[in-house]
Amino acid sequence: MNRLPPIICLIFISLSSYAQLKFEKEERIKQEDVPVGAVRFVDSMQLSGRIKWFKEIGYNKISYEAKTKHQGKRLSIEFSEEGIFEDAEVEIKSAEITQVAFKKISDYLQEAHAKFKINKVQIQYSGDTHCILNYFLREADEKSLTINYEIVITTKTDGAFVMYEYLFGKNGVLIQKSRVTSRMTDNLEF
Amino acid sequence: MNSNLKHSLFALLLLAVLSGSIRAQNVNTYGFLPTVNVNAKLPKDWFTNLKIESRQEIYQDDFDYSYLRTDLLFVAGKKLGFSTKLAVGYQVIFENQGGVNHRFIQQIHNLKKYRTFILNHRFQADQTFSSNADTEYRIRYRLSTEIPLNGQTLDANELYLKVSNEYLNAVQHSEYDLEIRVAAFVGYVFSPKTKLEIGFDNRVDAFIDDRLRNRFWLGLNIFQSL
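If you're matching them up, the sequences are chains A and B in order.
The C-terminal position of the first sequence is numbered 173 in our numbering, with every residue numbered one higher than the one before it.
The C-terminal position of the second sequence is numbered 224 in our numbering, with every residue numbered one higher than the one before it.
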């Protein structure tokens, strides 16, 4: 082994570390690989845009996601491994959050972070599947749905730039906060 | 400008650069260019990168293997914003004939993540000192993109495509030269910390006075984060 040049040793160290880690990944899949229930649900939403299907493999969960554009906005619909509807998310602008909720969210974020930038806002619809369908078919308003706001921000914590994903309730109450891990980009930088 | 038009323009530009170089070329060389990069993230957004690169030529007018040089590059830098990094580096170049060159590097780059790809702009200045030649000053710009080949984000155990185009303006002994690089690599993510790439790196230079030089490298890159 001590005859191996340092460069070869580095290659072995690099590749062997791969087996010791667990990952989260998302992959594009064909519609025929999606649980029937999920496909039926999306079909019944009568969406005009092209549907792209993805499989998300998490640390302890598998889910399916349909992504498309609906009324000019990005829409993603998430299903469990069994094809049961979980939620639908529509990308919106901050100004589209209700005034009361946005004030509460802004107050919270300003208190938690000296400086921050909102990168992405999504309105998340969940609840009874019939109500969801009726809402997307414009046969019902959103009163019967459970509404949350998912907000991604960048800020500085302990001298380092970080990204957080927040989930706030309809009235701007914090439900969940998680740190977004940044992906390796060394191969573009050096 | 729609995306189809953008793709067509890019393809045309690429074709023009490559076909121009093939028609007018005077010197063609082919070789291997393996690199190993080890990157470490430090507290408060500081980072370091160590790169080892080796050049081996296998063809110039005829098949003939010759080892050319090995480069050792150390870079240290800091994030200036969520997507902007500033770095300085020192590179030592060990030539085949025993010469050693020293290069100092300053770079700033901006990386933007889009829904389905990443785009990186890199501006770099470097100064190369050699005992048997005048100091060479270069200003360079590189645009590179990484596109996942499965899904919208690049995850472990997935393939990706990396394409880059770089323009290097060099001044040495009051003489100006331009080098254009076009590279395309297919990469594989072994883990969130390990990537492997294989592809080609075409470098055309000596546009101004000398015979056009067209170097075609087969590259193998390993990137490891600690």
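Where a beta carbon is used, it is the ideal one built from N, C-alpha and C, also for glycine.
It should be emphasised that the depicted structure is a prediction, and the values quoted were computed from it without experimental measurement.
Assumed close pair residue i, residue j - CB separation to whole angstroms, cut-off 8 Å
| i | j | result |
| --- | --- | --- |
| K153(A) | I130(A) | 4 Å |
| L68(B) | S81(B) | Going by the sequence as given, residue 68(B) is Thr instead of Leu. Wrong, their Cβ atoms sit about 32 Å apart, outside the cutoff. |
| I34(A) | A49(A) | 5 Å |
| F176(A) | L92(A) | This structure does not reach residue 176(A), given that chain A is present from -16 up to 173, and the question cannot be answered. |
| F173(A) | K49(B) | 6 Å |
| G217(B) | D199(B) | 5 Å |
| T143(B) | L117(B) | 5 Å |
| I145(B) | T114(B) | 7 Å |
| F221(B) | N170(A) | 5 Å |
| Y47(A) | V17(A) | 5 Å |
Local conformation of residue i per DSSP, three classes
| i | result |
| --- | --- |
| Y1(A) | Residue confidence is low: Y1(A) scores 38 on pLDDT, short of 50, so the model does not pin down where it sits. No coordinate-derived value is stated. |
| N170(A) | helix |
| H113(A) | helix |
| Q58(B) | coil |
| E148(A) | strand |
| P41(B) | helix |
| D153(B) | coil |
| N178(B) | The sequence given here places Ile at residue 178(B); Asn does not occur at that position. Three-state result, I178(B): strand. |
| S17(B) | Because the pLDDT at S17(B) is just 49, under 50, the model does not fix this residue reliably, and the value given afterwards should be weighed accordingly. It is helical. |
| D16(A) | helix |
| A123(B) | strand |
| Q89(B) | strand |
| K98(A) | coil |
| K153(A) | coil |
| Y42(A) | coil |
| R33(A) | coil |
| K56(A) | strand |
| I80(A) | coil |
| S27(A) | helix |
| S129(B) | coil |
| Q95(B) | coil |
| T137(A) | strand |
| E183(A) | Residue 183(A) falls outside the range modelled here, since chain A spans only -16 to 173, and no answer is possible. |
| I(-4)(A) | Note that I(-4)(A) scores 46 on pLDDT, short of 50, meaning its location in the model is unreliable; the coordinates nonetheless yield the value given after this. Correct three-state label for I(-4)(A): helix. |
| L92(A) | helix |
Residues sharing a beta bridge with residue i, DSSP
| i | result |
| --- | --- |
| S52(B) | T68(B) |
| E144(B) | I116(B), K160(B) |
| E61(A) | E48(A), D70(A) |
| E10(A) | K38(A) |
| T33(B) | E51(B), N219(B) |
| L185(B) | Rather than Leu, the amino acid found at residue 185(B) in this sequence is Gly. Partner(s): Y158(B), E195(B). |
| H107(B) | K83(B), R120(B) |
| D203(B) | R211(B) |
| Y135(B) | Q125(B), V169(B) |
| Q102(B) | Note on residue identity: the sequence assigns Phe, not Gln, to residue 102(B). In the DSSP output, where bridge partners are listed per residue, F102(B) has Y88(B), Q125(B). |
| A143(A) | T140(A) |
| N26(B) | N212(B) |
Could you tell me whether the region 186 to 198 of chain B touches the region 154 to 161 of chain B, where touching means 3 or more Cβ pairs closer than 8 Å?
The region 186 to 198 of chain B is in contact with the region 154 to 161 of chain B.
Any contact between the region 100 to 118 of chain A and the region 70 to 78 of chain A? By contact I mean 3 or more CB pairs, one from each, below 8 Å.
Result yes; three or more Cβ-Cβ pairs closer than 8 Å.
Say whether the region 6 to 15 of chain A touches the region 26 to 40 of chain A, bearing in mind that this needs 3 or more beta-carbon pairs closer than 8 Å, one atom from each stretch.
The region 6 to 15 of chain A vs the region 26 to 40 of chain A: in contact.
In chain order, what residues of the region 128 to 142 of chain A put their CB closer than 8 Å to some CB of chain B?
Cβ contacts with chain B: T137, D141, G142.
Three or more beta-carbon pairs under 8 Å between the region 82 to 98 of chain B and the region 157 to 167 of chain A, yes or no?
Between the region 82 to 98 of chain B and the region 157 to 167 of chain A there are fewer than three C-beta pairs closer than 8 Å, too few to call the two in contact.
Three or more beta-carbon pairs under 8 Å between the region 169 to 185 of chain B and the region 133 to 147 of chain B, yes or no?
With the cut-off at 8 Å, the region 169 to 185 of chain B and the region 133 to 147 of chain B touch.
What residues from the region 70 to 97 of chain A come within 7 Å of chain B, judged by C-beta to C-beta, listed N to C?
From the region 70 to 97 of chain A, no residue has a Cβ closer than 7 Å to chain B.
So if I threshold CB-CB distances at 7 Å, which residues from the region 151 to 172 of chain A count as touching chain B?
So the list reads R166, M167, T168, D169, N170, L171, E172, given in the order they occur along the chain.
In chain order, what residues of the region 7 to 36 of chain A put their CB closer than 8 Å to some CB of chain B?
For chain B, the residues of the region 7 to 36 of chain A that bring a beta carbon within less than 8 Å of one of its beta carbons are E7, K8, E9, E10, R11, in chain order.
Any C-beta of chain A within less than 9 Å: which residues of the region 101 to 129 of chain B qualify?
Result list: Q105, H107, L109, K111, R113, I116, L117, N118, R120.
With 7 Å as the limit, tell me which residues of the region 197 to 218 of chain B have their beta carbon closer than that to any beta carbon of chain A; keep them in chain order.
Answer in chain order: no residues at all.
Okay, do the region 100 to 107 of chain B and the region 120 to 130 of chain B touch, 3+ Cβ pairs below 8 Å being the bar?
Yes: at least three Cβ pairs fall under 8 Å.
Relative to chain A, which residues along the region 140 to 153 of chain B have a C-beta separation below 7 Å, given in chain order?
Cβ contacts with chain A come from S142, E144, N148, G149, Q150, T151, L152, D153.
Short of 9 Å Cβ to Cβ, which residues in the region 52 to 65 of chain A face chain B?
Cβ contacts with chain B come from R57.
To be precise: take each residue of the region 38 to 50 of chain B, compare its Cβ to all Cβ atoms of chain A, and keep it if any distance is under 8 Å. Which residues remain?
Correct list: P41, K42, D43, N47, K49, I50.
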